[in-house]
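Chains as they are written, first to last, in our numbering: chain L, 5 to 466; chain F, 5 to 466. We treat Cβ as the ideally placed atom computed from N, Cα and C, and that holds for glycine. Here the structure is a predicted model, which means the values were calculated and not measured.
Number of protein chains: 2
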Amino acid sequence: MTAKVSGAIEYARQHGARFLDELFEMLRIPSVGADPAFAADTRRNAEWLAAHLAALGLDKACVMETAGHPVVYGEWLGAGPDKPTVLIYGHYDVVPAVMEDGWDTPPFEPVVKDGKIYARGATDDKGQLFIHVKALEAYLKTSGGAPVNVKILLEGEEEVSSPNLVPWIREHQDLIQADVCVISDSSMRVVEEPAITHSLRGMTYLEVEVQGPREDLHSGFWGGATHNPALALVEILAKLYNADGTIAVPGFYDDVVPLTDAERAMLAKVSLTEEQFMAATGVPAVWGDANYTIRERVSARPTLDINGLWSGYAGPGPKTIIPVRAGCKISSRLVGNQDAHKIYELIKKAIEAATPPTVKVEVRLITTGKPALIPFDLPEMQAASRAYARGWGYAPLFTRGGGSIPIVAELADLLKIPVVMMGYGLDTDGLHSPNEHYRIDMFHRGIETAIVYLDELAQLPA
Amino acid sequence: MTAKVSGAIEYARQHGARFLDELFEMLRIPSVGADPAFAADTRRNAEWLAAHLAALGLDKACVMETAGHPVVYGEWLGAGPDKPTVLIYGHYDVVPAVMEDGWDTPPFEPVVKDGKIYARGATDDKGQLFIHVKALEAYLKTSGGAPVNVKILLEGEEEVSSPNLVPWIREHQDLIQADVCVISDSSMRVVEEPAITHSLRGMTYLEVEVQGPREDLHSGFWGGATHNPALALVEILAKLYNADGTIAVPGFYDDVVPLTDAERAMLAKVSLTEEQFMAATGVPAVWGDANYTIRERVSARPTLDINGLWSGYAGPGPKTIIPVRAGCKISSRLVGNQDAHKIYELIKKAIEAATPPTVKVEVRLITTGKPALIPFDLPEMQAASRAYARGWGYAPLFTRGGGSIPIVAELADLLKIPVVMMGYGLDTDGLHSPNEHYRIDMFHRGIETAIVYLDELAQLPA
Chain L
5 MTAKVSGAIE YARQHGARFL DELFEMLRIP SVGADPAFAA DTRRNAEWLA
55 AHLAALGLDK ACVMETAGHP VVYGEWLGAG PDKPTVLIYG HYDVVPAVME
105 DGWDTPPFEP VVKDGKIYAR GATDDKGQLF IHVKALEAYL KTSGGAPVNV
155 KILLEGEEEV SSPNLVPWIR EHQDLIQADV CVISDSSMRV VEEPAITHSL
205 RGMTYLEVEV QGPREDLHSG FWGGATHNPA LALVEILAKL YNADGTIAVP
255 GFYDDVVPLT DAERAMLAKV SLTEEQFMAA TGVPAVWGDA NYTIRERVSA
305 RPTLDINGLW SGYAGPGPKT IIPVRAGCKI SSRLVGNQDA HKIYELIKKA
355 IEAATPPTVK VEVRLITTGK PALIPFDLPE MQAASRAYAR GWGYAPLFTR
405 GGGSIPIVAE LADLLKIPVV MMGYGLDTDG LHSPNEHYRI DMFHRGIETA
455 IVYLDELAQL PA
Chain F
5 MTAKVSGAIE YARQHGARFL DELFEMLRIP SVGADPAFAA DTRRNAEWLA
55 AHLAALGLDK ACVMETAGHP VVYGEWLGAG PDKPTVLIYG HYDVVPAVME
105 DGWDTPPFEP VVKDGKIYAR GATDDKGQLF IHVKALEAYL KTSGGAPVNV
155 KILLEGEEEV SSPNLVPWIR EHQDLIQADV CVISDSSMRV VEEPAITHSL
205 RGMTYLEVEV QGPREDLHSG FWGGATHNPA LALVEILAKL YNADGTIAVP
255 GFYDDVVPLT DAERAMLAKV SLTEEQFMAA TGVPAVWGDA NYTIRERVSA
305 RPTLDINGLW SGYAGPGPKT IIPVRAGCKI SSRLVGNQDA HKIYELIKKA
355 IEAATPPTVK VEVRLITTGK PALIPFDLPE MQAASRAYAR GWGYAPLFTR
405 GGGSIPIVAE LADLLKIPVV MMGYGLDTDG LHSPNEHYRI DMFHRGIETA
455 IVYLDELAQL PA
């Protein structure tokens, strides 16, 4: 370990208590981006961060406007043009939190209990984004600079799917261009098994509506010669799936990059048994494509889920109608190299082909998100692996996340750089839930890993 | 025409406007019997009717308790023991109605447009039951009495299949015993072709709920290995039907009495072409068992309809969940000799057999009703035919109704009397639909026919 690195780590250890105080200050700002009632607080969080970055000596530290909540930017390019540049992405907005949801303590008054910080945003993502800020501070305050150039980009709309960030990035591509992007907004199963997420699923979300008669009909007068729209929808939806749980939409799997043996071996390292799955979800039995393990099904394979279904009467007692229409929401989780818009067209075509002349159907696209797949043999990924081994104390696994963070694929595609997802949270931190928390030791361990990662990046061949 | 009859008709014509005002008063009471939120209004409707009957001079006019919504009773027995007694049955409860369903005007604020009354209950059944009340009033206010004895029985649970009326009838059989029962709760195709319904379909109404996980799941973290309950429900429901529109529940058709050639010839008298069906309902094409005519399918054949369907998120935009559960309401219209409880067991068994071990299913019986068949050569039926010819102006057809009024079979069975269904509505009145309406001229014409029918009954040999 170089003196530069050990000096920064030493500094981080000495100043750990202050780092926590600062994090608490930010956690007290209720930056609930989705709720207009908290718009001023959300902006206040952005201003707090920009001021913090400026105070650390970063250049261009400022709040930058978007069509929604602002972006915070700051950079330190003192390593010089011969050294790589790392773009650190994080988000300062949080999901809503009120006591009534079941919090034991007020969500925006952080408290420490059993070595954990309880507060909304503690792990998602204020605690994790702050790790990088403090790692950079540790370098700047000891050896006078980091081993690589650092650009920090923090947004305020991640929890509402970053609607204004892509336009902002297109406008500021030169400003934020880098060699690698690192994001800490994910989690690991246990401390001893840190995880680098190298894949996220994309998404195609659509709505289907079937209409039969022009209004609800009396099922006695018209039943028997009217194709019930709820039945028609049921028949259409049933045709989108095969009996074995696979998806019957023609062409659906065409662009799926097959899992390699190495990837399957990597996925197998994170156990997810039938018993674990049933205990976690409460389902009476596990389901899905038997050609893949449970872990593969929920992370490396595409899905087609019905998220909502509606037709006719759902109140108490009987109502004997043939409903005028029936509808559903459907979302498909995508994997590399599936294209969200192409998948939408395939599903739409399959639905229209399955629709009989006795009803009319309308298919509407709601939203899309690109899947992300970052090969884990890239030097920047392997550097992250070494950083965990050195800074965290345990070598990481490369995992696939089943969820979707569309901005990951957007960053990778727009900047044409690898995005390294170094999660410093635990799967059990309760993000988006009441009593979200973050372990203090993981905060400190994360700072040391982030310090080491910048050093590892500096040693990569240009 | 006797002076008694023509006097009553003259009175009805003179007081027609007031009759309508009174009907409007009742239509303003939202007596949605199925919805507990409207329990007080439903009772208020019963009290309004009892007060109305008392004011007309009926004896024993009162609200009588049942285990559910009350019964309204009143009688006039002034014709004496040598004259027959007619029991008039109707119902003051209505099916749910809210603007969001597509009403052009508030469902409980009756308005007149193009000679039609728009309001929930206008044709089903407040407008039709009121015809008999006003026919009796016309006699009482002119010649001092009706040609036959009249008992009026109005219930508040017809739209939920009269769960408490049969026990009430058993307890009050002496009170309501009569020689014939007349019910106006049905309809005709066109004014020139009035109809006496001599057959009704029965009903089995059930609810199905499928549960998978213990709560909504994140579709990204768990999608691919969780059997989506909405999909499971879709798959189960799809298995209940054959591709040709027939019902795939094993044993479902076993007890259906085949239609004779004579019955098919009778049914063929009331034309129902593909074009007429499409125009009346708005469906893009007619559906169903091609072995039967459209008229047969909607009146003389059993059905299985999905009346409601629900699961997960139905609000705006996306929500990426695997819903905890999915449910539906299903009703089956039955014909002789299908037994409603046996059919329930068959459907339940088919659903359970179609349910995979990946989800749990619960099937609940909501209500049942017997099918009814009244021979049309009975004197009371022929008297009704003459009443239409004299009072309405057109001789009627004897038809099969596709709907269900389970109490018809119960009244016929318990009191051992013919039940004569003299409908005064139009097939296109939109009962149970948004913008239910009733033609004002049919209301007045109905009153005159009802006046004549009492006279026809008086002339039947004892």
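Asked, Found
"Assuming HIS231 of chain F and THR362 of chain F make a contact with CB atoms under 8 Å, what is their CB distance in whole Å?", "4 Å"
"Applying the criterion that 16 or more other CB atoms from any shown protein chain within 10 Å of the CB defines a buried residue, is SER10 of chain F buried or exposed?", "exposed"
"Could you say which of F:THR371, F:PRO74, F:GLY37, F:VAL137 lies nearest to ILE455 of chain F if we only look at CA atoms?", "F:VAL137"
"Do the CB positions of GLU460 of chain L and ALA16 of chain L come within less than 8 Å of each other?", "no"
"For LEU158 of chain L, tell me which candidate among L:LYS145, L:GLY148, L:ASP178, L:VAL186 has the shortest Cα-Cα distance.", "L:VAL186"
"For ARG443 of chain F, which beta-bridge partners are listed by DSSP?", "F:LYS120"
"Compare the Cα-Cα distances from GLY312 of chain F to each of L:ILE326, L:ARG301, L:ILE240 and report the closest residue.", "L:ILE326"
"Is the Cβ of HIS441 of chain F closer than 8 Å to any Cβ of chain L?", "no"
"Got a sec, what are the start and stop residues for the beta strand (DSSP E) ASN153 of chain L sits in?", "153-159"
"Between the C-alpha atoms of ILE251 of chain L and TYR96 of chain F, what's the straight-line distance to the nearest angstrom?", "50 Å"
"According to the neighbour-count rule (16 or more other Cβ atoms, all chains shown, within 10 Å of its Cβ), is SER275 of chain F buried or exposed?", "exposed"
"Taking the alpha carbon of PRO443 of chain L as the point to measure from, which residue in L:GLU279, L:ALA229, L:ASP118 has its own alpha carbon closest?", "Pro is not the amino acid found at residue 443 of chain L; the sequence shown has Arg there. The residue with the shortest Cα to Cα distance from ARG443 of chain L is L:ASP118."
"Do you know how far the Cα of GLU414 of chain F is from the Cα of ALA358 of chain L?", "43 Å"
"Quick one: which chain L residues come within Cβ less than 7 Å of VAL164 of chain F?", "GLY321, PRO322"
"Can you tell me which residues form a DSSP beta bridge with GLU213 of chain F?", "F:GLY331, F:GLU366"
"Which word fits ALA41 of chain F, buried or exposed, when buried means at least 16 other C-beta atoms lie within 10 angstroms of its C-beta?", "exposed"
"Considering only the alpha carbon of each residue, which of L:TRP52, L:HIS56, L:SER35, L:ASP39 lies closest to THR467 of chain L?", "The structure shown has nothing for residue 467 of chain L, since chain L only spans 5 to 466."
"Distance, Cα to Cα, PRO369 of chain F vs LYS323 of chain L?", "What sits at residue 369 of chain F in the sequence shown is Leu, not Pro. About 14 Å."
"Going by DSSP, name the residue or residues bridged to VAL36 of chain F.", "F:VAL98"
"With 8 Å as the threshold, decide whether the Cβ of PHE402 of chain F is near any Cβ in chain L.", "no"
"For GLY106 of chain F, count neighbouring Cβ atoms within 10 angstroms of its own Cβ and tell me buried if that reaches 16, exposed if not.", "exposed"
"Taking DSSP as the reference, what is the three-state secondary structure of HIS345 of chain L?", "helix"
"With a threshold of 8 Å on Cβ separation, who are the neighbours of GLY206 of chain L within its own chain once the five nearest residues in sequence on each side are excluded?", "ARG337, LEU338, VAL339, GLN342, ALA344, THR372, GLY373, LYS374, PRO375, ALA376, SER408, PRO410, ALA413"
"Helix, strand or coil: how does DSSP classify SER315 of chain L here?", "strand"
"Which stretch, first to last residue, makes up the alpha helix (DSSP H) that contains GLU278 of chain F?", "278-285"
"Counting only Cβ pairs nearer than 8 Å, list the residues of chain L close to LYS364 of chain F.", "PRO288"
"Counting along the chain, where does the beta strand (DSSP E) carrying GLU79 of chain F start and finish?", "75-80"
"As a quick exercise: from L:ALA59, L:TYR93, L:ASP128, pick the residue whose alpha carbon is nearest that of ALA416 of chain L.", "L:TYR93"
"Rank F:ALA304, F:ALA242, F:GLY286, F:ILE240 by C-alpha distance to the C-alpha of ALA545 of chain F and give the top, closest one.", "Residue 545 of chain F lies beyond the stretch modelled for chain F, which goes from 5 to 466, so this question has no answer here."
"Could one say the Cβ of LEU263 of chain F lies closer than 8 Å to chain L's Cβ atoms, at least one of them?", "no"
"Check whether chain F comes within 8 Å of LEU241 of chain L, counting only Cβ atoms and requiring the distance to be less than that.", "yes"
"What I want to know is whether the C-beta of GLU239 of chain F ends up closer than 7 Å to one or more non-hydrogen atoms of the ligand FMN.", "The ligand FMN is not among the ligands present in this structure, which contains no ligands whatsoever."
"Flag this pair as touching only if the region 289-296 of chain L and the region 377-393 of chain L have three or more C-beta atom pairs under 8 Å; answer yes or no.", "no"
"List the residues of chain F whose Cβ lies closer than 8 Å to the Cβ of TYR245 of chain L, in chain order.", "LEU235, GLU239"
"Mind checking ARG218 of chain L: buried by the 16 CB within 10 Å criterion, or exposed?", "exposed"
"For VAL194 of chain F, tell me which candidate among F:PRO465, F:LEU464, F:MET446, F:GLN463 has the shortest Cα-Cα distance.", "F:MET446"
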